[in-house]
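A.B. asks: Quick one: this structure, given as structure tokens, is what I'll be asking you about.
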Amino acid sequence: MTVNGTELFFVGQELKELTFGWTDYTLFAGLLGISMLIGIYFGFFSTKQNNTTEYLLGGKSMSFLPISMSLMASHISGVSLLGVPSEVYQYGTQYAACIFTSFISCFLIVRVYLPVFYKLQLTSTFEYLEIRFARPVRQLASFLYTLALVIYVPLIIYVPALAFSQATGMNLHYVAPVICMVCIFYTTIGGLKAVVWADTVQMTVTVGSLIAVLILGTIAVGGVSETWRIAEKGGRIVFWNMDPSPFTRNSFWGMSVGMVMAWLASLGISQVSMQRFLAVPTIEEAQKSVWVLAVGLIFIKMISVFTGLIMYARYHKCDPIAAHVVARSDKILPYYVLDVAANVPGLPGLFLAGLVSAGLSTMSAGLNTVAGTIYEDFIDPWMPESNKETKAANIMKVTVVILGILCVGMVFVMDRLGDIFQLSLTLTGITAGTMTGLFSLGMLVPWATAKGAVIGAVVSMMTMLWIIVGAQWHMANRSLYYEPLPSSTEGCVNMPGLFNRTITTTQNPVQVESVDEPFFMYRISFMYYTLLGALIVMVIGTTVSFICGAADIRNIDRDYFPPFITRFMLPKKYMEVSLHTVPTALITNPEKEELKS
53 MTVNGTELFF
63 VGQELKELTF
73 GWTDYTLFAG
83 LLGISMLIGI
93 YFGFFSTKQN
103 NTTEYLLGGK
113 SMSFLPISMS
123 LMASHISGVS
133 LLGVPSEVYQ
143 YGTQYAACIF
153 TSFISCFLIV
163 RVYLPVFYKL
173 QLTSTFEYLE
183 IRFARPVRQL
193 ASFLYTLALV
203 IYVPLIIYVP
213 ALAFSQATGM
223 NLHYVAPVIC
233 MVCIFYTTIG
243 GLKAVVWADT
253 VQMTVTVGSL
263 IAVLILGTIA
273 VGGVSETWRI
283 AEKGGRIVFW
293 NMDPSPFTRN
303 SFWGMSVGMV
313 MAWLASLGIS
323 QVSMQRFLAV
333 PTIEEAQKSV
343 WVLAVGLIFI
353 KMISVFTGLI
363 MYARYHKCDP
373 IAAHVVARSD
383 KILPYYVLDV
393 AANVPGLPGL
403 FLAGLVSAGL
413 STMSAGLNTV
423 AGTIYEDFID
433 PWMPESNKET
443 KAANIMKVTV
453 VILGILCVGM
463 VFVMDRLGDI
473 FQLSLTLTGI
483 TAGTMTGLFS
493 LGMLVPWATA
503 KGAVIGAVVS
513 MMTMLWIIVG
523 AQWHMANRSL
533 YYEPLPSSTE
543 GCVNMPGLFN
553 RTITTTQNPV
563 QVESVDEPFF
573 MYRISFMYYT
583 LLGALIVMVI
593 GTTVSFICGA
603 ADIRNIDRDY
613 FPPFITRFML
623 PKKYMEVSLH
633 TVPTALITNP
643 EKEELKS
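Mapping of the sequence shown onto my numbering: position 474 corresponds to residue 526, and the numbering continues sequentially without gaps.
Shown next, in the form of structure tokens:
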């Protein structure tokens, strides 16, 4: 049960409150302090962040290892740390197919997107859409990206703030602004270098807390073999669900195909990712960072998957969700940590520090990137040339502060909304497919034109908005519902440290009324939202381009395409002329030749 925002559990007749001790507070405060010190160092004592190259690209002197760690930290947010174990707990281990997702996604990044972005060396990835198509395409993509991040960042901060307020009894509205202000501080004064190194420290804390919780939970359950036995008996071991239907909530194809497009949107064409790839001195270093990222993501995701199995093994006879002790599924992991680590000083603080670290990492990456995007796409064309670089860095710092304050205000709005994980997937589905489709259209279809790109993007956004709003409406009315795997509460009365009362509810308490089946488009799994949005852009964009007059690919710069596409392109109409000086003795004089004749 919950009292004043704090999770409680029963021990016999005694109601015991789970709260932080001084060790937990020390670890938590220490992490925020380290992040601030990193920002102070890079802002005042290291290379000055007084130009766009230093502020956005770290002076192009970063190593591949911290870049990879920063990318992992930016991708792994509190939403995913809470969401993946909850997903496994309720629906099984099909998410473990992300092993294929990770390697396929990183292979496509290395082969398709990275060579183009690195060759062009663009400060903003959206600049590619301008030189490939036209400025309106770039501005459309920049606006969508900025809007998506401004809406998504408050969700990322809300999750760890909610978990921290539950563990300490502090008001959420006091916790969230403090977390946001620390992030705004070191992102503003330190630029990309501060963000990357703070991400590295925070990622270490996050992984450490996950491993600690994993080990403690495994010991409490009785070992790995016992965990696997219980999970297999409960039907949680699901990996080779080969159902090809797009209406299946999650399958092997949903993870290995559908989620690839979602990861490409967040890692391949994202300004956050490419800004970091360009911060290394060579493309070989950038490729190393991609493959280290692939391995790191698998490692972290597998820890989260096994954590979900351990939670099921512990609560397989007494489900806190079905027993209404945990109000929402995304609270099951914090509840589990507070349960198993109640007598281990510092571990709850370490875990919550990891959650806050993930939120800080994603928020700092988003603020730093959106500041650069807004400046490059909407402010830079109006800036005078005099002292432009210094003014640019200052404008971006002010932009970070303004956006950060806006995000702090929106956190209070998040407190009144529904399921966080579902809301984040909804926001991602509306914009991610359109964005991925635009970049893929530009790099993979040489004949595509600006008119085709704009029409394809608009149709994609409208279609995905219609599908997602319709699906959410049916979910709210219970006419569309994904049934979790069976759970039980029959053992609650016999579980020490949780209940002192008998709960008769077994299996899942939610009963879905018999209603007409929703329109088939509304029943498409959210795993395919990004893929569907991207395919609409590419199909509509290519079709419109040919109808309105396809571009002559012999007039298009080959640097706009990955190497495997340029191999099949026709040669240019004109002959390339060397820029080296030609000796005068080799120049033929037409008048002299005429006299000789």
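Even glycine gets a Cβ: it sits at the ideal position worked out from N, Cα and C.
None of these values were measured; they are calculated from a predicted model.
Just how far apart, CA to CA, sit E428 and W74?
C.D. replies: Using only the alpha carbons, I get a separation of about 46 Å.
A.B. asks: For M516 versus I321, is the C-beta distance shorter than 8 Å?
C.D. replies: Contact: no.
A.B. asks: Comparing alpha-carbon positions, which option in L587, I151, I183, R190 lies nearest T425?
C.D. replies: With distances taken between Cα atoms, T425 lies closest to R190.
A.B. asks: Which ranges would you report for the beta strand (DSSP E) in the segment 261 to 340 if only whole runs of at least 3 residues count?
C.D. replies: List check, beta strand (DSSP E) in window: nothing returned.
A.B. asks: Exposed or buried, what is V273 when buried is set at 16 or more other beta-carbons lying within 10 Å of its beta-carbon?
C.D. replies: By the 10 Å Cβ count, V273 comes out buried.
A.B. asks: Alpha carbons only, please: which of S138, H368, A509, A502 is nearest the one belonging to G601?
C.D. replies: The shortest C-alpha separation from G601 is found at A502.
A.B. asks: Can you tell me the Cβ-Cβ gap for Y580 and G135, rounded? I've got them flagged as a contact below 8 Å.
C.D. replies: Contact flag wrong, Cβ pair sits at about 18 Å.
A.B. asks: For A283, which of Q142, G522, F616 has the nearest alpha-carbon?
C.D. replies: Closest by alpha carbon: Q142.
A.B. asks: Which two residues bound the contiguous alpha helix (DSSP H) that contains F159?
C.D. replies: Unbroken alpha helix (DSSP H) run through F159: 150 to 160.
A.B. asks: Taking a contact to mean a Cβ-Cβ separation below 8 Å, would you say S120 touches L319 in this structure?
C.D. replies: Contact: no.
A.B. asks: Output yes or no for whether 8 Å exceeds the beta carbon distance between I520 and G461.
C.D. replies: No, the Cβ-Cβ distance between I520 and G461 is not below 8 Å.
A.B. asks: Is it true that the segment 582 to 600 meets the segment 533 to 543, where meeting means three or more beta-carbon pairs spaced less than 8 Å apart?
C.D. replies: Result no; under three Cβ-Cβ pairs closer than 8 Å.
A.B. asks: Would L583 pass as a contact of M313 if the rule is Cβ separation under 8 Å?
C.D. replies: It is a contact, given that the beta carbons lie within the stated cut-off.
A.B. asks: Report all residues from its chain with a CB closer than 7 Å to the CB of I608; omit the five preceding and five following residues, and keep chain order.
C.D. replies: If we look at I608 and ignore the five residues flanking it on each side, its Cβ neighbours are P498.
A.B. asks: Would you say F299 and Q146 are within 8 Å of each other, going by their C-beta atoms?
C.D. replies: Contact: no.
A.B. asks: Nearest by alpha-carbon distance to W343: which of M363, F329, L361 is it?
C.D. replies: That would be F329, whose Cα lies nearest to the Cα of W343.
A.B. asks: Tell me the residue span of the alpha helix (DSSP H) that contains A509.
C.D. replies: Segment 502 to 528, the alpha helix (DSSP H) holding A509.
A.B. asks: Any chance the segment 359 to 369 sits against the segment 148 to 160, with 3 or more Cβ pairs inside 8 Å?
C.D. replies: Output reads no: the segment 148 to 160 does not touch the segment 359 to 369.
A.B. asks: Would Y180 pass as an interface residue toward chain D - the criterion being a Cβ-Cβ separation below 8 Å?
C.D. replies: This model lacks chain D altogether; it includes just one protein chain.
A.B. asks: Taking F159 as the reference, give the member of A193, L133, D76, L316 with the closest Cα.
C.D. replies: Of the candidates A193, L133, D76, L316, the one whose C-alpha sits nearest the C-alpha of F159 is L316.
A.B. asks: Work out the CA separation of S303 and L490 for me, nearest whole Å.
C.D. replies: Approximately 27 Å, taken between the alpha carbons.
A.B. asks: Three-state secondary structure (DSSP) at S540?
C.D. replies: Note: S540 maps to strand in three-state DSSP.
A.B. asks: If you draw a straight line from the alpha carbon of T421 to that of Q323, how long is it in whole angstroms?
C.D. replies: In a straight line, the C-alpha of T421 is about 6 Å away from that of Q323.
A.B. asks: Straight-line CA distance for P167 to N223?
C.D. replies: Whole-angstrom Cα-Cα distance: 48 Å.
A.B. asks: If you check the beta carbons only, do G494 and F185 fall under 8 Å apart?
C.D. replies: Yes. Within cutoff.
A.B. asks: Put N446 into one of helix, strand or coil per three-state DSSP.
C.D. replies: Helix at N446.
A.B. asks: Excluding sequence positions up to five away, which residues of its chain have a Cβ less than 7 Å from the Cβ of L631?
C.D. replies: Confidence in L631 is poor, its pLDDT being 49 and thus under 50, which makes the residue's placement unreliable; the coordinate value appears in the next sentence. Within the same chain, L631 has no close Cβ partners at all.
A.B. asks: If you drop the 5 nearest sequence neighbours on each side, which residues of the same chain put their C-beta closer than 7 Å to that of S261?
C.D. replies: Closer than 7 Å at the Cβ level, and outside the excluded window around S261, lie L402, F403, A405, G406.
A.B. asks: Please return the same chain residues whose Cβ sits closer than 6 Å to the Cβ of I335, not counting the five positions on each side in sequence.
C.D. replies: Result list for I335: Y170, in chain order.
A.B. asks: Would M466 and Y210 be called neighbours here (beta carbons separated by less than 8 Å)?
C.D. replies: Yes, these two residues count as a Cβ contact at 8 Å.
A.B. asks: Is it right to say T220 is buried, meaning 16 or more other beta carbons lie within 10 angstroms of its own, or is it exposed?
C.D. replies: By the 10 Å Cβ count, T220 comes out buried.
A.B. asks: CB-CB under 7 Å to M448, same chain, minus the five flanking residues each way: which ones, in chain order?
C.D. replies: Correct list, in chain order: Y107, A423, G424, Y427.
A.B. asks: Are F216 and V227 closer than 8 Å when you measure CB to CB?
C.D. replies: Yes, Cβ-Cβ distance for F216 and V227 is below 8 Å.
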